[in-house]
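Novice:
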Amino acid sequence: MSSAATMTRESVDVAGKTRTFTVVEAAGPGAAPPLLLVFHGSRQTGAVHRSFTGSMFDALAESGQAVVAYLDGHRGNWNDARKESYFPARKDGIDDVGFARAVVDALSGQRRIDRSRVFAAGYSNGGQMVIRLVHEAPDLLAGAAVIAATMPVPDNFIATDPNPTPLPVVVIHGTKDPIVSYEGGGFPWWQRKFFKVGGLSLSAPLTAGYFAERNGITATPTTTRLPGTAAGDPTEVEVVEYREDGRPPVALYTVHRGGHTIPGPASVPGVLGKTSHHVNTAELIGDFFGLRD
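Per this note's numbering, the very first residue in the sequence shown carries number 12; after that it's consecutive.
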(Lines of atoms letter the chains of each structure in order from A; the text may use other names.)
(Lines give C-alpha, C1' and ligand atoms only; values in the text may rest on other atoms or scores of the structure.)
Protein backbone atom coordinates (compact mmCIF):
# COMPACT_ATOMS: atom_id res chain seq x y z
CA MET A 12 0.00 0.00 0.00
CA SER A 13 1.13 3.52 -0.75
CA SER A 14 2.37 5.56 2.20
CA ALA A 15 -0.31 8.07 1.15
CA ALA A 16 -2.99 5.75 2.56
CA THR A 17 -3.71 3.88 5.76
CA MET A 18 -5.65 0.66 6.35
CA THR A 19 -7.57 -0.27 9.49
CA ARG A 20 -9.75 -3.22 10.51
CA GLU A 21 -12.98 -2.16 12.17
CA SER A 22 -16.23 -3.64 13.44
CA VAL A 23 -19.81 -2.70 14.19
CA ASP A 24 -22.63 -4.44 16.03
CA VAL A 25 -25.69 -5.28 13.93
CA ALA A 26 -28.63 -7.07 15.55
CA GLY A 27 -26.35 -8.59 18.16
CA LYS A 28 -23.74 -9.78 15.66
CA THR A 29 -20.24 -8.37 15.27
CA ARG A 30 -19.61 -7.45 11.64
CA THR A 31 -16.19 -6.53 10.30
CA PHE A 32 -14.83 -4.36 7.51
CA THR A 33 -11.55 -2.90 6.29
CA VAL A 34 -11.13 0.83 5.71
CA VAL A 35 -8.56 2.35 3.34
CA GLU A 36 -8.19 6.11 3.38
CA ALA A 37 -5.70 8.87 2.68
CA ALA A 38 -3.14 9.36 5.44
CA GLY A 39 -4.36 12.94 5.77
CA PRO A 40 -7.91 12.85 4.44
CA GLY A 41 -9.63 16.10 3.59
CA ALA A 42 -12.86 17.22 5.16
CA ALA A 43 -15.93 15.05 4.51
CA PRO A 44 -14.72 12.82 1.64
CA PRO A 45 -17.12 10.54 -0.26
CA LEU A 46 -17.40 6.88 0.81
CA LEU A 47 -17.25 3.80 -1.43
CA LEU A 48 -18.66 0.59 0.04
CA VAL A 49 -17.21 -2.51 -1.67
CA PHE A 50 -19.11 -5.83 -1.53
CA HIS A 51 -17.12 -8.97 -2.39
CA GLY A 52 -18.21 -12.02 -4.34
CA SER A 53 -19.41 -15.38 -3.07
CA ARG A 54 -16.93 -17.31 -0.89
CA GLN A 55 -14.69 -14.25 -0.54
CA THR A 56 -13.95 -11.76 2.23
CA GLY A 57 -13.17 -8.09 1.93
CA ALA A 58 -9.45 -8.84 2.14
CA VAL A 59 -9.66 -11.59 -0.49
CA HIS A 60 -11.62 -9.32 -2.79
CA ARG A 61 -9.11 -6.53 -2.32
CA SER A 62 -6.38 -8.90 -3.52
CA PHE A 63 -8.68 -10.31 -6.24
CA THR A 64 -9.00 -6.80 -7.73
CA GLY A 65 -5.31 -5.95 -7.42
CA SER A 66 -6.23 -3.37 -4.76
CA MET A 67 -7.32 -1.04 -7.55
CA PHE A 68 -10.02 0.62 -5.44
CA ASP A 69 -7.29 1.70 -3.01
CA ALA A 70 -6.16 4.27 -5.56
CA LEU A 71 -9.32 6.27 -4.89
CA ALA A 72 -8.31 6.43 -1.23
CA GLU A 73 -4.63 7.10 -1.86
CA SER A 74 -5.51 10.13 -3.95
CA GLY A 75 -7.89 11.41 -1.28
CA GLN A 76 -10.87 11.05 -3.63
CA ALA A 77 -12.80 8.73 -1.31
CA VAL A 78 -12.70 6.58 1.79
CA VAL A 79 -12.99 2.93 0.70
CA ALA A 80 -14.60 0.33 2.96
CA TYR A 81 -14.34 -3.39 2.10
CA LEU A 82 -17.17 -5.13 3.94
CA ASP A 83 -17.06 -8.79 5.05
CA GLY A 84 -20.08 -10.96 4.31
CA HIS A 85 -21.54 -13.57 6.66
CA ARG A 86 -19.62 -16.82 6.12
CA GLY A 87 -18.50 -15.55 2.73
CA ASN A 88 -21.86 -14.39 1.38
CA TRP A 89 -24.51 -11.66 1.40
CA ASN A 90 -28.24 -11.83 2.03
CA ASP A 91 -28.81 -10.62 -1.50
CA ALA A 92 -31.70 -9.63 -3.76
CA ARG A 93 -32.63 -13.12 -5.04
CA LYS A 94 -35.48 -15.02 -3.38
CA GLU A 95 -33.98 -18.35 -4.37
CA SER A 96 -30.58 -17.76 -2.78
CA TYR A 97 -30.09 -20.22 0.09
CA PHE A 98 -26.55 -19.74 1.38
CA PRO A 99 -25.93 -19.06 5.11
CA ALA A 100 -26.56 -15.29 4.98
CA ARG A 101 -30.09 -15.97 3.73
CA LYS A 102 -30.76 -19.03 5.89
CA ASP A 103 -29.53 -17.18 8.99
CA GLY A 104 -31.56 -14.07 8.19
CA ILE A 105 -28.55 -11.76 8.25
CA ASP A 106 -29.37 -8.04 8.12
CA ASP A 107 -26.88 -6.89 5.51
CA VAL A 108 -28.88 -3.77 4.71
CA GLY A 109 -28.52 -2.88 8.39
CA PHE A 110 -24.80 -3.68 8.16
CA ALA A 111 -24.34 -1.19 5.33
CA ARG A 112 -26.20 1.46 7.31
CA ALA A 113 -24.11 0.74 10.42
CA VAL A 114 -20.84 1.12 8.48
CA VAL A 115 -21.97 4.48 7.09
CA ASP A 116 -23.02 5.61 10.57
CA ALA A 117 -19.70 4.53 12.08
CA LEU A 118 -17.58 6.21 9.44
CA SER A 119 -19.71 9.34 9.55
CA GLY A 120 -18.95 9.70 13.25
CA GLN A 121 -15.25 8.88 13.00
CA ARG A 122 -14.23 10.54 9.75
CA ARG A 123 -17.00 12.99 8.90
CA ILE A 124 -17.57 11.44 5.48
CA ASP A 125 -19.99 13.17 3.14
CA ARG A 126 -23.19 11.18 3.76
CA SER A 127 -24.70 12.64 0.61
CA ARG A 128 -21.97 10.91 -1.42
CA VAL A 129 -22.02 7.27 -0.38
CA PHE A 130 -21.56 4.83 -3.26
CA ALA A 131 -21.74 1.03 -3.40
CA ALA A 132 -19.89 -1.34 -5.72
CA GLY A 133 -20.46 -5.08 -5.69
CA TYR A 134 -19.22 -8.11 -7.62
CA SER A 135 -21.35 -11.21 -8.28
CA ASN A 136 -23.16 -12.03 -5.00
CA GLY A 137 -21.95 -8.59 -3.85
CA GLY A 138 -23.48 -7.06 -6.97
CA GLN A 139 -26.78 -8.68 -6.03
CA MET A 140 -26.40 -7.12 -2.58
CA VAL A 141 -25.93 -3.71 -4.19
CA ILE A 142 -29.11 -4.29 -6.21
CA ARG A 143 -30.91 -4.94 -2.93
CA LEU A 144 -29.51 -1.74 -1.42
CA VAL A 145 -30.64 0.30 -4.43
CA HIS A 146 -34.20 -0.85 -3.80
CA GLU A 147 -34.32 -1.05 0.00
CA ALA A 148 -31.91 1.70 1.06
CA PRO A 149 -31.82 4.28 -1.74
CA ASP A 150 -31.62 7.04 0.86
CA LEU A 151 -28.22 5.66 1.84
CA LEU A 152 -26.71 5.81 -1.65
CA ALA A 153 -25.69 8.39 -4.22
CA GLY A 154 -24.91 5.74 -6.84
CA ALA A 155 -24.35 2.03 -7.43
CA ALA A 156 -22.03 -0.20 -9.47
CA VAL A 157 -23.16 -3.74 -10.29
CA ILE A 158 -20.40 -6.03 -11.58
CA ALA A 159 -21.01 -9.55 -12.95
CA ALA A 160 -24.57 -9.58 -11.58
CA THR A 161 -27.95 -8.99 -13.18
CA MET A 162 -31.41 -7.97 -12.04
CA PRO A 163 -33.57 -10.85 -10.76
CA VAL A 164 -36.93 -11.32 -12.48
CA PRO A 165 -39.89 -10.17 -10.34
CA ASP A 166 -40.72 -13.68 -9.07
CA ASN A 167 -37.11 -14.04 -7.88
CA PHE A 168 -36.75 -10.60 -6.29
CA ILE A 169 -36.79 -10.29 -2.51
CA ALA A 170 -36.36 -6.53 -2.06
CA THR A 171 -39.21 -4.15 -1.44
CA ASP A 172 -39.37 -0.89 -3.38
CA PRO A 173 -42.59 1.01 -2.58
CA ASN A 174 -41.20 4.39 -3.63
CA PRO A 175 -38.58 3.96 -6.38
CA THR A 176 -35.75 6.46 -6.02
CA PRO A 177 -33.70 7.18 -9.17
CA LEU A 178 -29.95 6.64 -8.73
CA PRO A 179 -26.95 6.65 -11.08
CA VAL A 180 -26.11 3.02 -11.89
CA VAL A 181 -23.22 1.46 -13.80
CA VAL A 182 -23.38 -2.19 -14.88
CA ILE A 183 -20.23 -4.11 -15.91
CA HIS A 184 -20.49 -7.62 -17.38
CA GLY A 185 -18.55 -10.04 -19.59
CA THR A 186 -20.24 -11.73 -22.55
CA LYS A 187 -18.50 -15.04 -21.77
CA ASP A 188 -19.27 -15.05 -18.04
CA PRO A 189 -19.49 -18.76 -17.12
CA ILE A 190 -21.17 -18.13 -13.73
CA VAL A 191 -23.71 -15.33 -14.26
CA SER A 192 -24.77 -15.39 -17.88
CA TYR A 193 -24.64 -12.11 -19.79
CA GLU A 194 -27.83 -13.32 -21.49
CA GLY A 195 -29.66 -13.87 -18.21
CA GLY A 196 -31.79 -16.90 -17.37
CA GLY A 197 -31.18 -19.49 -14.68
CA PHE A 198 -28.34 -21.61 -13.32
CA PRO A 199 -27.37 -25.19 -14.23
CA TRP A 200 -27.71 -27.76 -11.44
CA TRP A 201 -24.02 -27.71 -10.45
CA GLN A 202 -24.05 -23.93 -9.93
CA ARG A 203 -27.26 -24.12 -7.90
CA LYS A 204 -25.63 -26.73 -5.67
CA PHE A 205 -22.15 -25.20 -5.40
CA PHE A 206 -23.12 -21.52 -5.08
CA LYS A 207 -26.49 -22.15 -3.34
CA VAL A 208 -28.42 -19.83 -5.64
CA GLY A 209 -31.32 -20.22 -8.05
CA GLY A 210 -34.07 -18.48 -9.92
CA LEU A 211 -34.11 -16.42 -13.09
CA SER A 212 -32.49 -13.07 -13.84
CA LEU A 213 -32.56 -10.56 -16.69
CA SER A 214 -29.76 -10.19 -19.22
CA ALA A 215 -27.11 -7.52 -18.64
CA PRO A 216 -28.59 -5.21 -21.35
CA LEU A 217 -32.09 -5.63 -19.90
CA THR A 218 -30.68 -4.93 -16.43
CA ALA A 219 -29.26 -1.62 -17.63
CA GLY A 220 -32.54 -0.89 -19.42
CA TYR A 221 -34.45 -1.65 -16.22
CA PHE A 222 -32.44 0.92 -14.26
CA ALA A 223 -32.73 3.48 -17.08
CA GLU A 224 -36.52 3.08 -17.11
CA ARG A 225 -36.55 3.28 -13.31
CA ASN A 226 -34.69 6.60 -13.61
CA GLY A 227 -37.26 7.91 -16.09
CA ILE A 228 -34.83 7.99 -19.03
CA THR A 229 -36.60 7.81 -22.38
CA ALA A 230 -33.81 9.11 -24.65
CA THR A 231 -32.15 6.66 -27.04
CA PRO A 232 -28.90 5.32 -25.54
CA THR A 233 -25.55 5.88 -27.23
CA THR A 234 -23.00 3.14 -27.88
CA THR A 235 -19.22 3.61 -27.92
CA ARG A 236 -16.52 1.00 -28.51
CA LEU A 237 -13.52 1.83 -26.31
CA PRO A 238 -9.98 1.54 -27.69
CA GLY A 239 -7.83 -1.42 -26.74
CA THR A 240 -4.79 -0.46 -24.69
CA ALA A 241 -3.28 -3.75 -23.47
CA ALA A 242 -1.29 -5.69 -26.05
CA GLY A 243 -2.44 -9.28 -26.46
CA ASP A 244 -5.70 -8.75 -24.60
CA PRO A 245 -8.47 -10.45 -26.66
CA THR A 246 -11.32 -8.59 -24.95
CA GLU A 247 -13.07 -5.49 -26.24
CA VAL A 248 -15.08 -3.07 -24.15
CA GLU A 249 -18.22 -1.29 -25.31
CA VAL A 250 -20.25 1.20 -23.29
CA VAL A 251 -23.95 1.91 -23.75
CA GLU A 252 -24.95 5.13 -22.00
CA TYR A 253 -28.45 6.16 -21.01
CA ARG A 254 -28.45 9.91 -20.39
CA GLU A 255 -31.14 12.55 -20.23
CA ASP A 256 -31.12 16.01 -18.70
CA GLY A 257 -32.41 15.98 -15.15
CA ARG A 258 -32.20 12.19 -14.83
CA PRO A 259 -29.50 10.11 -13.10
CA PRO A 260 -27.47 8.33 -15.81
CA VAL A 261 -27.07 4.61 -16.39
CA ALA A 262 -24.18 2.93 -18.20
CA LEU A 263 -23.57 -0.65 -19.32
CA TYR A 264 -19.97 -1.68 -19.92
CA THR A 265 -20.03 -4.86 -22.00
CA VAL A 266 -16.73 -6.74 -21.94
CA HIS A 267 -16.76 -8.77 -25.13
CA ARG A 268 -15.15 -12.18 -24.52
CA GLY A 269 -14.78 -11.24 -20.84
CA GLY A 270 -15.58 -13.72 -18.07
CA HIS A 271 -16.82 -13.60 -14.48
CA THR A 272 -14.12 -11.07 -13.81
CA ILE A 273 -13.52 -7.43 -12.93
CA PRO A 274 -11.69 -5.40 -15.59
CA GLY A 275 -8.45 -4.03 -14.20
CA PRO A 276 -4.87 -4.88 -13.32
CA ALA A 277 -5.33 -8.29 -11.70
CA SER A 278 -5.83 -11.50 -13.67
CA VAL A 279 -7.86 -14.22 -11.96
CA PRO A 280 -8.04 -18.02 -12.31
CA GLY A 281 -8.80 -19.05 -15.88
CA VAL A 282 -11.88 -21.01 -14.85
CA LEU A 283 -13.62 -17.65 -14.38
CA GLY A 284 -12.82 -16.55 -17.93
CA LYS A 285 -10.78 -13.70 -19.35
CA THR A 286 -10.06 -10.46 -17.51
CA SER A 287 -9.99 -7.28 -19.56
CA HIS A 288 -6.99 -5.03 -18.95
CA HIS A 289 -8.16 -2.37 -21.40
CA VAL A 290 -10.04 -0.53 -18.66
CA ASN A 291 -9.78 -0.19 -14.91
CA THR A 292 -13.07 -0.71 -13.07
CA ALA A 293 -12.13 1.57 -10.17
CA GLU A 294 -11.34 4.35 -12.62
CA LEU A 295 -14.58 3.77 -14.54
CA ILE A 296 -16.59 3.93 -11.33
CA GLY A 297 -14.63 6.92 -10.07
CA ASP A 298 -15.23 8.85 -13.28
CA PHE A 299 -18.90 7.85 -13.52
CA PHE A 300 -19.61 9.02 -9.98
CA GLY A 301 -17.37 12.08 -10.15
CA LEU A 302 -14.88 10.81 -7.56
CA ARG A 303 -11.78 11.46 -9.66
CA ASP A 304 -10.37 14.84 -10.63
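Idealized CB from N, CA, C, for every residue including glycine.
Fair warning: this is a prediction, and the values are worked out from it, not measured in the lab.
1) Which two residues bound the contiguous alpha helix (DSSP H) that contains ASP188?
2) Please list the terminal residues of the continuous beta strand (DSSP E) segment that includes MET162.
3) Kindly indicate which three-state DSSP category TYR67 falls into: helix, strand or coil?
4) Leaving out the 5 sequence neighbours to the left and right, which residues in its chain are closer than 7 Å to VAL279 when beta-carbon positions are compared?
5) Start and end of the beta strand (DSSP E) containing GLY133?
6) Which word fits TRP89, buried or exposed, when buried means at least 16 other C-beta atoms lie within 10 angstroms of its C-beta?
7) Excluding the five sequence neighbours on either side, which residues of its own chain have a C-beta within less than 7 Å of the C-beta of ALA293, listed in chain order?
8) Is ALA15 closer than 8 Å to THR33 when the C-beta atoms are compared?
9) What's the call for PHE205, buried or exposed, on a 16-neighbour Cβ count within 10 Å?
10) Shorter than 8 Å from the beta carbon of ALA262 to some beta carbon of chain D?
11) Rounded to the nearest angstrom, what separates ASP166 and ASP172 at their Cα positions?
12) List, from N- to C-terminal side, the alpha helix (DSSP H) runs of 4 residues or more that fit wholly inside the segment 13-85.
13) Taking TYR264 as the reference, which of GLY27, ALA159, ILE142 has the closest Cα?
14) Take VAL164 and list the residues in its own chain whose beta-carbon comes closer than 8 Å to its own, dropping the five residues that flank it on each side.
15) Looking only at its own chain, which residues have a Cβ that is under 7 Å from the Cβ of THR309, when we skip the five neighbours before and after it?
16) Where do the ends of the beta strand (DSSP E) carrying LEU263 lie?
17) My output table needs one value for ILE124: the three-state DSSP class, helix, strand or coil.
18) With a CB to CB cut of under 7 Å and the five nearest residues on each side skipped, what residues in its chain are close to THR17?
19) Mapping the DSSP letters down to three states, classify ILE183 as helix, strand or coil.
20) Which same chain residues, not among the five before or five after GLY109, have their C-beta less than 7 Å away from its C-beta?
21) Which word fits GLY137, buried or exposed, when buried means at least 16 other C-beta atoms lie within 10 angstroms of its C-beta?
22) Is it right to say ALA282 is buried, meaning 16 or more other beta carbons lie within 10 angstroms of its own, or is it exposed?
23) With C-beta atoms as the reference, is PRO75 less than 8 Å away from HIS51?
24) What is the DSSP secondary structure of ASN88, counted as helix, strand or coil?
25) Using DSSP with H/G/I as helix, E/B as strand and the rest coil, what is PHE168?
26) Rank ALA80, GLU95, ALA43 by C-alpha distance to the C-alpha of THR56 and give the top, closest one.
27) In three-state terms, what does DSSP make of ALA113?
28) Indicate the three-state DSSP secondary structure (helix, strand or coil) for ALA156 in the structure shown.
29) Buried or exposed: where does ARG86 fall if 16 or more other Cβ atoms within 10 Å of its Cβ makes it buried?
30) According to the neighbour-count rule (16 or more other Cβ atoms, all chains shown, within 10 Å of its Cβ), is ARG61 buried or exposed?
Specialist: With the given structure in hand:
1) Taking the first residue of the sequence shown as position 1, residue 188 is located at position 177. It is not in any alpha helix (DSSP H) - ASP188 carries neither H nor E in the DSSP assignment.
2) Position 151 of the sequence shown, counting from 1, holds the residue named residue 162. Where MET162 is concerned, there is no enclosing beta strand (DSSP E), given that its DSSP letter is neither H nor E.
3) The residue labelled residue 67 in the question sits at position 56 within the sequence shown. Note that residue 67 corresponds to Met in the displayed sequence, not to Tyr. In the structure shown, MET67 falls within a coil segment according to DSSP collapsed to helix, strand and coil.
4) By 1-based counting over the sequence shown, the position of residue 279 is 268. Within the same chain, VAL279 has close Cβ partners PHE63, THR272, THR286.
5) Numbered from its first residue, the sequence shown carries residue 133 at position 122. Looking at the DSSP string, the run of the beta strand (DSSP E) that includes GLY133 is 129-134.
6) As a working note, residue 89 is residue 78 in the sequence shown. TRP89 comes out buried.
7) Position 282 of the sequence shown, counted from the first residue, corresponds to residue 293. Taking C-beta separations shorter than 7 Å and ignoring five residues to either side along the sequence, the partners of ALA293 in its chain run MET67, PHE68, ALA70, LEU71, GLY275, following chain order.
8) As a first step, residue 33 is located in the sequence shown; it is residue number 22 there, counting from the start. As a first step, residue 15 is located in the sequence shown; it is residue number 4 there, counting from the start. A distance of 8 Å or more separates the beta carbons of THR33 and ALA15.
9) Stepping through the sequence shown from its first residue, residue 205 is reached at position 194. Here PHE205 is exposed. Its C-beta has fewer than 16 other C-beta atoms within 10 Å.
10) In the structure shown, chain D does not exist; there is a single protein chain.
11) Within the sequence shown, residue 166 is the residue found at index 155, counting from 1. Within the sequence shown, residue 172 is the residue found at index 161, counting from 1. Distance between the alpha carbons of ASP166 and ASP172 is about 14 Å.
12) Counting only runs of 4+ residues, the alpha helix (DSSP H) found wholly inside the segment 13-85 occupies 57-63, 69-73, in chain order.
13) On the sequence shown, residue 264 is found 253 positions in, with the first residue counted as 1. For the residues GLY27, ALA159, ILE142, the minimum Cα distance to TYR264 belongs to ALA159.
14) Residue mapping note: residue 164 aligns to position 153 of the sequence shown, counting from 1. Answer for VAL164: GLY210, LEU211, SER212, LEU213, listed in chain order.
15) Residue 309 lies beyond the stretch modelled for the chain, which goes from 12 to 304, so this question has no answer here.
16) In the sequence shown, residue 263 corresponds to position 252, counting from 1. 258-267 is the extent of the beta strand (DSSP E) around LEU263.
17) Within the sequence shown, residue 124 is the residue found at index 113, counting from 1. Collapsing the DSSP output to three states places ILE124 in coil.
18) Taking the sequence shown and counting its residues from 1, one reaches residue 17 at position 6. In its chain, beyond the 5 residues on either side, GLU36, ALA38 have a beta carbon closer than 7 Å to the beta carbon of THR17.
19) As a working note, residue 183 is residue 172 in the sequence shown. DSSP places ILE183 in strand when its eight states are reduced to three.
20) Reading the sequence shown from its first residue, position 98 is the one you call residue 109. Closer than 7 Å at Cβ, skipping near neighbours: VAL25, ALA26.
21) Start at 1 with the first residue of the sequence shown, and residue 137 comes out as number 126. Classification for GLY137: buried.
22) As a first step, residue 282 is located in the sequence shown; it is residue number 271 there, counting from the start. Looking at the sequence shown, residue 282 is not Ala but Val. Under the 10 Å beta carbon count, VAL282 is surrounded by fewer than 16 other beta carbons and is classified as exposed.
23) One-based indexing of the sequence shown puts residue 75 at position 64. One-based indexing of the sequence shown puts residue 51 at position 40. A small correction: the amino acid at residue 75 is Gly; Pro does not occupy that position in the sequence shown. No. Outside cutoff.
24) Looking up residue 88 in the sequence shown gives position 77. Judged by DSSP in its simplified three-state form, ASN88 adopts strand.
25) Reading the sequence shown from its first residue, position 157 is the one you call residue 168. Correct three-state label for PHE168: strand.
26) On the sequence shown, residue 56 is found 45 positions in, with the first residue counted as 1. When each option's Cα is compared against that of THR56, the closest is ALA80.
27) Mapped onto the sequence shown, residue 113 falls at position 102. DSSP places ALA113 in helix when its eight states are reduced to three.
28) One-based indexing of the sequence shown puts residue 156 at position 145. ALA156: strand per DSSP, three-state reduction.
29) Position 75 of the sequence shown, counted from the start, is the residue given in the question as residue 86. When all chains shown are included, ARG86 counts as exposed.
30) For this step, residue 61 is matched to residue 50 along the sequence shown. Counting the other CB atoms within 10 Å of its CB gives ARG61 a total of 16 or more, which places it among the buried residues.
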